[in-house]
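Residue numbers (the UniProt record's numbering): 1 to 671.
In structure tokens form, the structure reads like this:
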């Protein structure tokens with residue numbers, strides 16, 4: 001019987017993988033993702049089936065951030081060492097009265113009528129009165145509603161691995177159950193007359209089955225569920241029956257041994273009978289006899305019987321299939337260390353060793369780190385960071401010219417696969433990141449909200465791939481393009497000129513860059529106010545009314561520039577508005593401030609107001625564009641433009657409220 005079998009044509013490993021994956025793609029294997037719902041507290045290590053949004057804000061009440069006294073900040077105005085003020089201590093439950101205060105501990109609900117906390121060490125007690133020598137600012141030492149997470153904000157994106165930090169964030173955000181992708185079930189069929197299951201059966205000529213538990217453990221580490229089957233004799237009928245049963249109960253099948261050309265090696269014949277053998281033999285050592293097949297639309301792999309060969313071929317061929325089935329990144333780098341430069345300086349306190357959480361990306365060969373929001377109480381920083389940068393206790397901070405090592409976290413994607421979006425905040429960018437990951441599972445989009453001008457500067461300094469911008473040039477009446485041409489001269493190519501298809505200007509001389517400015521959306525900006533607009537705010541002029549508080553966007557942001565322009569047109573000075581100097585970094589932060597009562601109004605996009613159930617007074621429609629910095633052949637550039645043209649993406653963004661994407665993806669032509 002020897003010599004009556006032969007290998008199929010041996011392929012190179014990459015060819016073998018491509019052939020197998022192409023067939024699985026044709027069968028729709030990676031799109032068939034059965035899901036299940038599990039309790040969040042038991043979801044560690046599972047993969048989210050969809051994006052998960054907060055059901056409540058974190059914190060969900062205004063609370064004390066320090067031990068001390070709660071008071072109305074106005075009652076402290078004028079207090080100083082030479083003229084201390086005394087406040088009467090009110091008892092718990094006693095109605096607030098002007099000139100009074102309450103003793104309060106960290107985490108306590110802020111009593112009605114109070115809006116600030118003074119630390120206990122800054123309070124002197126005399127005759128039952130609290131004596132203070134410094135004024136308190138409104139909302140000082142107070143954790144306001146939504147400071148960490150805002151209701152309906154995305155807590156974790158789809159197809160993410162759930163970590164212990166994610167569990168804390170989800171539970172804090174009111175999410176108790178979550179839909180996850182089912183773990184792929186992988187049947188393991190050991191074959192061979194010489195194979196035994198236990199040491200008690202061992203004798204001369206018998207071999208203990210160590211492949212099954214080894215592969216089961218590997219599958220578990222890859223997020224799959226291993227289904228160990230009984231050992232099958234080297235009989236064709238027995239192998240067929242075992243295969244048919246395994247195909248009924250599993251998502252993929254491993255057959256151990258029987259893959260060579262020996263007398264009792266039936267695996268290839270059985271798989272040909274039940275499906276299609278795509279590869280039998282790969283030009284590699286060890287592992288040459290591996291078989292790659294598809295049966296009933298499911299991947300089947302025949303592994304060599306030698307343990308080293310079995311493990312190697314499983315890692316090379318099976319692991320990626322198991323992870324892709326779950327939408328996992330194919331290469332985990334959770335313990336890697338990279339060296340990166342910060343996109344902006346970060347101050348720190350001398351004498352305090354700090355661990356700064358960052359997102360990491362690679363722009364034109366240079367590894368860039370973008371700091372995530374800092375704060376001991378911000379659970380969201382744990383879920384959004386890709387790495388940790390350590391700042392030494394002797395340093396007052398880190399500047400942009402000093403590369404430092406960064407320890408990558410969990411399933412952090414390699415820096416070269418992270419797209420850095422630095423610039424103006426918009427809700428559409430997070431959703432763009434989700435669509436991008438659907439097309440390119442190995443790619444992630446990391447956003448840093450530094451304002452439109454900050455984004456343009458990041459592009460100029462080769463520190464970002466994308467800058468979201470919305471800046472109106474009053475001299476020309478045109479959005480964005482004049483600012484790009486002014487601050488990054490020569491960066492944008494005239495795409496209508498065939499002799500100049502791309503921009504080659506690059507002061508660093510590292511790589512070619514294609515500068516492109518494309519439309520994302522027209523969006524409504526306006527005043528965000530409480531539901532029902534109880535204060536009757538209808539225009540910017542109303543912001544100057546006594547007693548009304550405002551929350552502003554940060555300097556350099558397009559929204560701040562829009563506000564200043566509209567105030568100028570109305571002959572209103574910013575100093576006339578109470579809260580003009582109070583700045584936050586995102587539209588959702590503006591909406592959260594209004595929702596929590598820390599502000600009566602703020603300027604932001606309609607979508608932010610709609611997301612939190614707030615009222616909206618339109619002020620202006622503006623153009624929000626994306627300034628792109630990718631090499632001409634970068635597949636991520638093409639993917640982004642294609643996504644912007646899809647009706648599915650456009651409808652999802654327009655459903656947020658106040659958006660028009662009729663020109664999304666179109667290039668702004670150089671004039």
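Virtual Cβ for every residue (Gly too), placed ideally from N, Cα, C. As the structure is a computational prediction, the values presented were derived from the model and not from experiment.
Buried versus exposed, by CB contacts within 10 Å (16 or more), residue i
i           : result
residue 638 : exposed
residue 166 : buried
residue 579 : buried
residue 490 : exposed
residue 61  : exposed
residue 661 : buried
residue 298 : buried
residue 655 : exposed
residue 384 : buried
residue 463 : buried
residue 487 : exposed
residue 584 : buried
residue 355 : exposed
residue 318 : buried
residue 44  : exposed
residue 571 : exposed
residue 230 : exposed
residue 525 : buried
residue 516 : buried
residue 206 : exposed
residue 35  : exposed
residue 618 : exposed
residue 529 : buried
residue 645 : exposed
Of the residues the options, the one placed nearest residue i, counting alpha carbons only
i           : options            : result
residue 10  : 169, 287, 275      : 287
residue 75  : 66, 62, 96         : 96
residue 682 : 283, 284, 267, 285 : Residue 682 lies beyond the residue range present for the chain, which begins at 1 and ends at 671; the question has no answer from this structure.
residue 200 : 208, 238, 424      : 208
residue 301 : 279, 647, 608, 616 : 279
residue 393 : 363, 372, 368, 349 : 349
residue 422 : 138, 402, 446      : 446
residue 175 : 313, 41, 337       : 41
residue 560 : 470, 482, 483, 539 : 470
residue 537 : 338, 451, 615      : 615
residue 111 : 129, 70, 235, 98   : 70
residue 632 : 492, 646, 406      : 492
residue 138 : 611, 581, 472, 620 : 581
residue 634 : 363, 651, 646, 553 : 363
residue 17  : 68, 282, 225, 237  : 282
residue 418 : 390, 590, 312, 386 : 386
One or two residues paired with residue i in a DSSP bridge
i           : result
residue 238 : Bridge partners of residue 238: none, in fact.
residue 605 : 525
residue 629 : 515
residue 583 : 552
residue 617 : 527
residue 224 : Its beta-bridge partners do not exist; DSSP assigns none.
residue 660 : 522
residue 724 : What is shown of the chain runs 1 to 671, which leaves residue 724 out entirely.
residue 40  : For residue 40, which the question treats as bridged, DSSP gives no partner whatsoever.
residue 624 : 521
Distance cut-off 6 Å: residue i Cβ against heavy atoms of the ligand NAP
i           : result
residue 663 : Absence of the ligand NAP from the depicted structure is noted, as is the absence of any ligand whatsoever, leaving it without description.
7 Å Cβ cutoff, residue i in contact with chain B
i           : result
residue 126 : Although the question refers to chain B, the structure presented lacks it and comprises just one protein chain.
Report the start-end ranges of each alpha helix (DSSP H) in the segment 256 to 288 that is 4 residues or longer and not cut off at the edges.
Given a length threshold of 4 residues, each whole run of the alpha helix (DSSP H) inside the segment 256 to 288 is given here in chain order: 267 to 274.
Which ranges does the beta strand (DSSP E) cover as unbroken runs of at least 3 residues, wholly within the segment 167 to 192, from first to last along the chain?
List check, beta strand (DSSP E) in window: 177 to 181, 185 to 190.
So within the segment 87 to 175, which uninterrupted beta strand (DSSP E) runs reach at least 3 residues, ignoring any that extend past its ends?
If only uninterrupted beta strand (DSSP E) runs of at least 3 residues are considered, those enclosed by the segment 87 to 175 are 100 to 104, 116 to 119, 124 to 126, 129 to 132, 154 to 156.
Which whole runs of the beta strand (DSSP E) in the segment 389 to 413 are 3 residues long or more, in chain order?
Annotation note: the segment 389 to 413 contains the following uninterrupted beta strand (DSSP E) runs of length 3 or greater, listed N- to C-terminal: 404 to 408.
Three or more C-beta pairs under 8 Å: does that hold for the segment 191 to 200 against the segment 151 to 160?
By the criterion of at least three beta-carbon pairs nearer than 8 Å, the segment 191 to 200 is not in contact with the segment 151 to 160.
Taking contact to mean at least 3 C-beta pairs separated by less than 8 Å, is the segment 118 to 133 in contact with the segment 75 to 88?
Three or more Cβ pairs closer than 8 Å define a contact, and the segment 118 to 133 meets that threshold against the segment 75 to 88.
Secondary structure, beta strand (DSSP E): runs of 3+ residues fully inside the segment 398 to 482
Entirely contained in the segment 398 to 482, the beta strand (DSSP E) runs reaching 3 residues are, in chain order, 404 to 408, 418 to 423, 444 to 449, 466 to 469.
Tell me whether the segment 602 to 609 and the segment 411 to 428 touch, counting them as touching only if at least three CB pairs, one residue from each stretch, are closer than 8 Å.
Contact check between the segment 602 to 609 and the segment 411 to 428: three or more CB pairs, one atom from each, fall below 8 Å, which counts as touching.
Taking 8 Å as the cut-off, does the segment 176 to 190 touch the segment 242 to 257 (at least 3 CB pairs, one atom from each stretch)?
Under the three-pair Cβ rule at 8 Å, the segment 242 to 257 counts as touching the segment 176 to 190.
Does the segment 545 to 553 touch the segment 586 to 604, meaning 3 or more C-beta pairs lie closer than 8 Å?
The segment 586 to 604, when compared against the segment 545 to 553, does touch it at the 8 Å Cβ threshold.
Whether or not the segment 166 to 178 and the segment 142 to 156 are in contact is what I'm after, with contact meaning three or more pairs of Cβ atoms, one per stretch, closer than 8 Å; do they touch?
Cβ pair count under 8 Å is three or more, so yes.
Along the chain, which unbroken stretches of the alpha helix (DSSP H) at least 4 residues long are found entirely within the segment 528 to 575?
Segments of the alpha helix (DSSP H) lying fully in the segment 528 to 575: 558 to 569.
Counting Cβ pairs, one atom from each stretch, are 3 or more of them under 8 Å apart for the segment 398 to 405 and the segment 431 to 446?
No: the two stretches stay apart, fewer than three of their Cβ pairs being nearer than 8 Å.
Validate contact between the segment 44 to 60 and the segment 337 to 345 using beta carbons, cut 8 Å, 3 pairs
Judged by Cβ distances under 8 Å, the segment 44 to 60 makes no contact with the segment 337 to 345, as fewer than three pairs qualify.
Segments of 4+ residues assigned as alpha helix (DSSP H) that fall wholly inside the segment 313 to 350:
Positions of the alpha helix (DSSP H) runs, each at least 4 residues long and wholly inside the segment 313 to 350, are given as 319 to 325 in order along the chain.
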